[in-house]
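J.: Going line by line, the protein sequences match chains W and H.
Residue numbering for the first sequence is 1 to 223, as defined by the UniProt record's numbering.
Residue numbering for the second sequence is 1 to 701, as defined by the UniProt record's numbering.
C-beta atoms are modelled at their ideal positions from N, C-alpha and C, and glycine is treated no differently.
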Amino acid sequence: MLEKEIQGFIEKLRTRREFLKISGKGITTMAVTASVLNLLGCGKSGEGSDTPATVTVTPKGILIAQRNRCVGCQKCEMVCSIKNNGKASSYISRIKVARNYNYGLTMAADYATGEGDYGNFLMTQDACRQCKDPQCMAQCPAKAIAYSETTGTWTVDTEKCIGCRTCEHACPWNMPTVDPETEKSGKCILCGTCAEHCPTGALQMMPWKEVTVRLEKKGYKLS
Amino acid sequence: MAKITGWTGKLLRVNLSTGSISTQDSMKYKDFIGGSGFGHKILFDEVPAGTKALDEANKLIIAVGPFTGTGVPSSGRTNIVSLSPTNPYHAATDSHMGGNFGPWMKFAGYDAIVIEGASKSPVWLRIEDDKVTIEDASGLWGKGTRDTSAEIAKIMGKEACVASIGQAGENLINLSSIVNSNSHSAGGHGAVLGSKKLKAIGIKGTKAVPIADGKAEDWLKLNDYFMKEIVGANNQHVVPSTPQPWAEYSDPGSRWTGQKDLFWGAAEPPVETGECPPGNTNWVGLRTQKGFFDLGPVAEERTIRMDGCHSCPIRCHSDMLVPELEKYGLSGYATSTCINYSSPLSIMIKGTADGDSKGMDAFITKCLGSRLADDYGIWSNYAQLGRDFKYVYEHGILKEKLPKEEYDSIPWDLLEKGDPAFLLEFYKRIALKQGEFYHVADGPYWLDKAWNLGKDYWAYKGNNIWSKMAFPKHHSNEAGSHVGTLIQIFKNRDANSHTHMNFIGAGLPIEVLKEVAGEVWGSPDALDKPNDYTPMNIYKAKFAKWSMDRNYLHDSITVCNYTWPMTVSPSKSRNYRGDTAIEAKFFSLATGIETTEAELDLAGERITTLARCETIKRMGTVNLRKEHDVIPDWVFDADPDKKAYTPGTVKLDRKDMETAITMLYKEYGWDEKTGAPTRATLERLGMKDVADQLESLKLLP
Numbered sequence: 001m002l003e004k005e006i007q008g009f010i011e012k013l014r015t016r017r018e019f020l021k022i023s024g025k026g027i028t029t030m031a032v033t034a035s036v037l038n039l040l041g042c043g044k045s046g047e048g049s050d051t052p053a054t055v056t057v058t059p060k061g062i063l064i065a066q067r068n069r070c071v072g073c074q075k076c077e078m079v080c081s082i083k084n085n086g087k088a089s090s091y092i093s094r095i096k097v098a099r100n101y102n103y104g105l106t107m108a109a110d111y112a113t114g115e116g117d118y119g120n121f122l123m124t125q126d127a128c129r130q131c132k133d134p135q136c137m138a139q140c141p142a143k144a145i146a147y148s149e150t151t152g153t154w155t156v157d158t159e160k161c162i163g164c165r166t167c168e169h170a171c172p173w174n175m176p177t178v179d180p181e182t183e184k185s186g187k188c189i190l191c192g193t194c195a196e197h198c199p200t201g202a203l204q205m206m207p208w209k210e211v212t213v214r215l216e217k218k219g220y221k222l223s
Numbered sequence: 001m002a003k004i005t006g007w008t009g010k011l012l013r014v015n016l017s018t019g020s021i022s023t024q025d026s027m028k029y030k031d032f033i034g035g036s037g038f039g040h041k042i043l044f045d046e047v048p049a050g051t052k053a054l055d056e057a058n059k060l061i062i063a064v065g066p067f068t069g070t071g072v073p074s075s076g077r078t079n080i081v082s083l084s085p086t087n088p089y090h091a092a093t094d095s096h097m098g099g100n101f102g103p104w105m106k107f108a109g110y111d112a113i114v115i116e117g118a119s120k121s122p123v124w125l126r127i128e129d130d131k132v133t134i135e136d137a138s139g140l141w142g143k144g145t146r147d148t149s150a151e152i153a154k155i156m157g158k159e160a161c162v163a164s165i166g167q168a169g170e171n172l173i174n175l176s177s178i179v180n181s182n183s184h185s186a187g188g189h190g191a192v193l194g195s196k197k198l199k200a201i202g203i204k205g206t207k208a209v210p211i212a213d214g215k216a217e218d219w220l221k222l223n224d225y226f227m228k229e230i231v232g233a234n235n236q237h238v239v240p241s242t243p244q245p246w247a248e249y250s251d252p253g254s255r256w257t258g259q260k261d262l263f264w265g266a267a268e269p270p271v272e273t274g275e276c277p278p279g280n281t282n283w284v285g286l287r288t289q290k291g292f293f294d295l296g297p298v299a300e301e302r303t304i305r306m307d308g309c310h311s312c313p314i315r316c317h318s319d320m321l322v323p324e325l326e327k328y329g330l331s332g333y334a335t336s337t338c339i340n341y342s343s344p345l346s347i348m349i350k351g352t353a354d355g356d357s358k359g360m361d362a363f364i365t366k367c368l369g370s371r372l373a374d375d376y377g378i379w380s381n382y383a384q385l386g387r388d389f390k391y392v393y394e395h396g397i398l399k400e401k402l403p404k405e406e407y408d409s410i411p412w413d414l415l416e417k418g419d420p421a422f423l424l425e426f427y428k429r430i431a432l433k434q435g436e437f438y439h440v441a442d443g444p445y446w447l448d449k450a451w452n453l454g455k456d457y458w459a460y461k462g463n464n465i466w467s468k469m470a471f472p473k474h475h476s477n478e479a480g481s482h483v484g485t486l487i488q489i490f491k492n493r494d495a496n497s498h499t500h501m502n503f504i505g506a507g508l509p510i511e512v513l514k515e516v517a518g519e520v521w522g523s524p525d526a527l528d529k530p531n532d533y534t535p536m537n538i539y540k541a542k543f544a545k546w547s548m549d550r551n552y553l554h555d556s557i558t559v560c561n562y563t564w565p566m567t568v569s570p571s572k573s574r575n576y577r578g579d580t581a582i583e584a585k586f587f588s589l590a591t592g593i594e595t596t597e598a599e600l601d602l603a604g605e606r607i608t609t610l611a612r613c614e615t616i617k618r619m620g621t622v623n624l625r626k627e628h629d630v631i632p633d634w635v636f637d638a639d640p641d642k643k644a645y646t647p648g649t650v651k652l653d654r655k656d657m658e659t660a661i662t663m664l665y666k667e668y669g670w671d672e673k674t675g676a677p678t679r680a681t682l683e684r685l686g687m688k689d690v691a692d693q694l695e696s697l698k699l700l701p
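1. Taking CB distances under 8 Å as the criterion, tell me whether M206(W) reaches chain H.
2. What does Y147(W) touch in chain H if you count any residue whose Cβ is under 9 Å from its own?
3. Measure how close the beta-carbons of G274(H) and G253(H) come, nearest whole angstrom, since I'm counting them as under 8 Å.
4. Would DSSP call G46(W) helix, strand or coil?
5. Is G369(H) closer than 8 Å to V179(H) when the C-beta atoms are compared?
6. For the region 298–328 of chain H, which residues have a beta carbon sitting closer than 7 Å to at least one beta carbon of chain W?
7. In this structure, what does DSSP give as the bridge partners for P243(H)?
8. Considering only their Cβ atoms, is the gap separating S75(H) from residue 702(H) smaller than 8 Å?
9. Quick check: what's the CA-CA separation for residue 702(H) versus L172(H)?
10. For P444(H), which of A233(H), K215(H), Y89(H), P103(H) has the nearest alpha-carbon?
11. Against Q125(W), what residues of chain H qualify as contacts under a CB-to-CB distance less than 9 Å, listed in chain order?
12. Using a Cβ-Cβ cutoff of 8 Å, what residues of the region 551–582 of chain H are near chain W? List them in chain order.
13. With a threshold of 16 other CB atoms inside 10 Å of the CB of T8(H), please say whether the residue is buried or exposed.
14. DSSP three-state label for Y665(H), please.
15. What do you reckon, are the CB atoms on S119(H) and K196(H) nearer than 8 Å?
16. What do you reckon, are the CB atoms on G386(H) and I430(H) nearer than 8 Å?
17. Is L37(W) close to chain C, meaning its C-beta is less than 8 Å from at least one C-beta of that chain?
18. Residues of the region 449–470 of chain H with a CB closer than 8 Å to any CB of chain W: list them in chain order, please.
19. Tell me the DSSP secondary structure of K87(W) in three-state form.
20. Can you give, in chain order, each stretch of the beta strand (DSSP E) that sits fully within the region 50–117 of chain H and has at least 3 residues?
21. Is the region 598–609 of chain H touching the region 549–565 of chain H, taking contact as three or more C-beta pairs under 8 Å?
22. Do you know whose CA, among T242(H), T678(H), I113(H), D413(H), lies nearest L624(H)'s CA?
23. Residue range of the beta strand (DSSP E) that S331(H) falls in?
24. Ignoring anything shorter than 4 residues or poking outside the region 73–159 of chain W, list the alpha helix (DSSP H) runs there in chain order.
25. Over what stretch of residues does the alpha helix (DSSP H) that includes A450(H) continue unbroken?
26. Cβ of M548(H) within 8 Å of Cβ of S497(H)?
27. Leaving out five residues on either side along the sequence, give the residues of the same chain with a beta carbon under 7 Å from the beta carbon of K143(W).
28. My understanding is that V559(H) touches A506(H), with C-beta atoms under 8 Å, so please give their C-beta distance in whole angstroms.
29. Taking the alpha carbon of R214(W) as the reference point, which residue from I62(W), K83(W), K184(W) has its own alpha carbon closest?
30. Let me know the secondary structure DSSP gives G386(H) once reduced to three states.
31. Mapping the DSSP letters down to three states, classify D525(H) as helix, strand or coil.
32. Please state whether the Cβ-Cβ distance between A88(W) and G39(H) is less than 8 Å.
33. Could you tell me whether the Cβ of G369(H) comes closer than 8 Å to any Cβ of chain W?
34. Which residues, taken in chain order from the region 430–444 of chain H, show a beta carbon closer than 9 Å to some beta carbon of chain W?
35. Among T133(H), H310(H), V440(H), P640(H), which one has its Cα closest to the Cα of T18(H)?
36. Taking the straight line between their C-alpha atoms, what separation do you get for G285(H) and P313(H)?
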């Protein structure tokens, strides 16, 4: 089972990376298991059954978000908004933790056994999934969201953005956020600032070179 | 006028008597920085002498500073100033809470919230950016802090941060707290909100906290430098607790417990803390395995993760998996820190059933008690609650003072056999003010008044009460001889200053610490060796003053004084030197006002001095030296067969300590005879108006 998961993961990495090279388009974030985390050198082998992390494939490497390491300090939100907007704001941060901090993604009927700080303490780090067919782009009336060669992500052109908030509602996860002060939308462009400043490595940008080395260490090849 | 950055520039006032809600320019108080400084200024200016803590005329000021909500490391603290019902004179105290509340205030657009007047019926305050309303809380009255928060989240949205009182605050229990974000409690002011019938404040906002124009990259760089070179672990302990290949030093007492094969064992999958040497930002939050430190080795496999305040990389709270709590009707999760974990065990005065103070029974006791205390909103008074309970139980006072029926209804057998279920009764009877038992949570002064405990109570060995101000010692003469002792005498609650304690406990060899002391306070003699003291000198006075001033500065700016200042660092490449100017560097980048370390220290001195004037106003006497700054006999009379200033004792000498007090007053420019700030000093600090008010009250020396 573990071997099958690992082979499956490597196959996905391979094809998605190839797809990125060919199409130049971002690919959906994928949930991964503990054995995959172990493969990448994160976490302890074989324990924990569900999917404790997500991996987002980017042109530069992979962004790994591990829920088990997130301590809810929200530093990622502060550095994200300072880097991208020159001011600190939880609301416009492109990585979202605060809104899930207390009770998780959805408040459970019995909050004390649900997710979040009032429940089982599990944090949720949410960011743009870099969808294959992004609805934010599709529904934007100003055509302000397009693929950027520079970042390899769906990016908002603030010159074109009219602040109508269509993208906020179009995204199934409400990731783009319009800054109420500038009336311009913003979303994650995988700049990596959040990962760079995370005090526990819960967010991690792993360059392709490192991914390759880590896989080889465990006897696997990426290409 | 230049754009205000760092601060929001706005202060919210809510009068619960009239229902009036207004805002004002907070920059009127800019010289007082924020947090504690704003609080003491507003209280001193606006609350008349003679007011009692639970009077309608008392005000409660919740304030933060220019760092809050900007991501400065460890800037998630909120400061509350109000008159204290626990203090014998109802003098003002600061209470502090972490969590998310402070940053949420800034994101909603406020540097401070001033609560005035009193409502006739229970209300809660709803704040969503500029929209502020007073709401009916009759459905929330009687609920614990967690259910209150959840009910309000259902109305405001799950992202709202809620600070509330529990049943203890509603019932005007002196030792009550204000709690936000599940486990972050501010001790001592719950009853003030209770007297105003304000159950809770729910807050959320969509605004940004601007930093100075064009300074974003500088900001990130400074943060990077802080994380890679300067910061250590909890309490700024800068060496690991175990020997590690990279580390020149280690200290078993260090809170830097991260090491190979030590895990957050209940994480899925488990997270290894590992070796976390300086130089890597992503390891800082793994250094302190606080469950292991606070709850012992049994906690390792129960540790889900570390927890703590907004923007803090240190994580001094630990989140525990405790299915055993389900049999007490709670969920199987607990989270807390230090004293709030240890104080429930101190209530179990006969120990636990397995007799192991670090065993599984102690673990469950601590987890259960911390949950109950936070939910009822009960403050431990730095664990004095347990010591007071021990005294009245063991001296037969409870049996004598409680009506027989009440006494017999208390399940003493649970206490005697070390069953944590005793805590269910203990906390409930206090919070619900059942019978007479609740007096154990009056605080020492009022407990004595209620039950006439007399001299024996104040003097008994093992009691930690500091003078007639009736608060417990908190890093006193055992922490830096005269320095820790001087720091105790200022405040109206436990001193709660970690400026000196973190430095003393950093884990570095005494020789290194003495070198640093020489560089910061002018001579290595500022620091005595532990248990090997020397008589007073001027450098100790400078160390004590700096500690106080930084403490008030941190509570105003606001950063956590459990972590700051950065007097030392874990970096061998820096020769373990810290950087005491980082506050000023962040301040300049946040506010755009180029500010030096000396200028910020002067602001700290201004706030310390203002708080001193506040105390003079409440006590109605200018002679604080005689009436307030009193040192308990045990500081001088401990170890009767040892002489002060000989190895092996922390005792001090009475006459020498008088010299120490005089030296400290001199450093501040206060009147040496009374310890009161003079007009000249107040004017030097830009507080002529404070001098004028004190003069009109005939309270200038």
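T.: Working from what's here:
1. Indexing the first sequence from 1 puts residue 206(W) at position 206. No - not a single Cβ of chain H is within 8 Å of the one on M206(W).
2. In the first sequence, counting from the first residue as 1, residue 147(W) sits at position 147. Neighbours of Y147(W) on chain H: none; closest Cβ ~26 Å, over 9 Å.
3. Working through the second sequence from its first residue, we reach residue 274(H) at position 274. Working through the second sequence from its first residue, we reach residue 253(H) at position 253. No, G274(H) and G253(H) are not in contact; Cβ-Cβ is about 21 Å, not under 8 Å.
4. The residue you call residue 46(W) lines up with position 46 of the first sequence. For G46(W), the predicted structure reports a pLDDT of 43, less than 50, and the residue's modelled location is therefore unreliable. The matter cannot be settled from this model.
5. Translated into the one-based positions of the second sequence, residue 179(H) becomes position 179. Translated into the one-based positions of the second sequence, residue 369(H) becomes position 369. Their beta carbons are not under 8 Å apart, which means V179(H) does not touch G369(H) by this criterion.
6. I304, R305, M306, D307, G308, H310, S311, C312, P313, R315, D319
7. Residue numbering aside, residue 243(H) sits at position 243 when the second sequence is read from its first letter. In DSSP, P243(H) forms no bridge with anything.
8. Only positions 1 to 701 of chain H appear in this structure, which leaves residue 702(H) out of reach.
9. Within the shown structure, residues of chain H are numbered from 1 to 701, placing residue 702(H) beyond reach of any answer.
10. Against the second sequence, residue 444(H) aligns to sequence position 444. Looking at the Cα atoms, Y89(H) is the closest of the given residues.
11. In the first sequence, counting from the first residue as 1, residue 125(W) sits at position 125. Result: empty, since nearest Cβ-Cβ is about 13 Å, beyond 9 Å.
12. none
13. Numbered from its first residue, the second sequence carries residue 8(H) at position 8. The residue in question, T8(H), is buried, as its Cβ has 16 or more Cβ neighbours within 10 Å.
14. Numbered from 1 along the second sequence, position 665 holds the residue referred to as residue 665(H). Reduced to three states, the DSSP call for Y665(H) is helix.
15. Walking along the second sequence from the start, residue 119(H) turns up at place 119. Walking along the second sequence from the start, residue 196(H) turns up at place 196. Against a cut-off of 8 Å, the Cβ pair of K196(H) and S119(H) comes out as a contact.
16. The count along the second sequence starts at 1 and reaches residue 386(H) at position 386. The count along the second sequence starts at 1 and reaches residue 430(H) at position 430. No.
17. In the structure shown, chain C cannot be found, because the protein chains are W and H.
18. none
19. Residue 87(W) sits at position 87 when you count from the first residue of the first sequence. Three-state result, K87(W): strand.
20. 60–63, 78–83, 92–97, 112–116
21. yes
22. Working through the second sequence from its first residue, we reach residue 624(H) at position 624. Checked all of T242(H), T678(H), I113(H), D413(H); the closest Cα to L624(H) is T678(H).
23. Against the second sequence, residue 331(H) aligns to sequence position 331. Element bounds for S331(H): n/a, residue is neither H nor E.
24. 75–85, 98–101, 135–139
25. By 1-based counting over the second sequence, the position of residue 450(H) is 450. Unbroken alpha helix (DSSP H) run through A450(H): 444–451.
26. Position 548 of the second sequence, counting from 1, holds the residue named residue 548(H). Position 497 of the second sequence, counting from 1, holds the residue named residue 497(H). Contact flag set, yes.
27. For this step, residue 143(W) is matched to residue 143 along the first sequence. Around K143(W): K160.
28. One-based indexing of the second sequence puts residue 559(H) at position 559. One-based indexing of the second sequence puts residue 506(H) at position 506. No, V559(H) and A506(H) are not in contact; Cβ-Cβ is about 18 Å, not under 8 Å.
29. Counted from its first residue, the first sequence places residue 214(W) at position 214. Among I62(W), K83(W), K184(W), the Cα nearest to that of R214(W) belongs to I62(W).
30. The count along the second sequence starts at 1 and reaches residue 386(H) at position 386. Helix.
31. Sequence index remark: in the second sequence, residue 525(H) carries index 525 (1-based). In this structure, D525(H) counts as helix in the three-state DSSP scheme.
32. Your numbering for residue 88(W) matches position 88 in the first sequence. Your numbering for residue 39(H) matches position 39 in the second sequence. In this structure, G39(H) does not lie closer than 8 Å to A88(W) by Cβ.
33. Counting from one through the second sequence, the residue named residue 369(H) turns up at place 369. Cβ-Cβ to chain W under 8 Å: no for G369(H).
34. none
35. Your numbering for residue 18(H) matches position 18 in the second sequence. It is T133(H).
36. Along the second sequence, one-based indexing puts residue 285(H) at 285. Along the second sequence, one-based indexing puts residue 313(H) at 313. Each residue's Cα considered, the two are about 5 Å apart.
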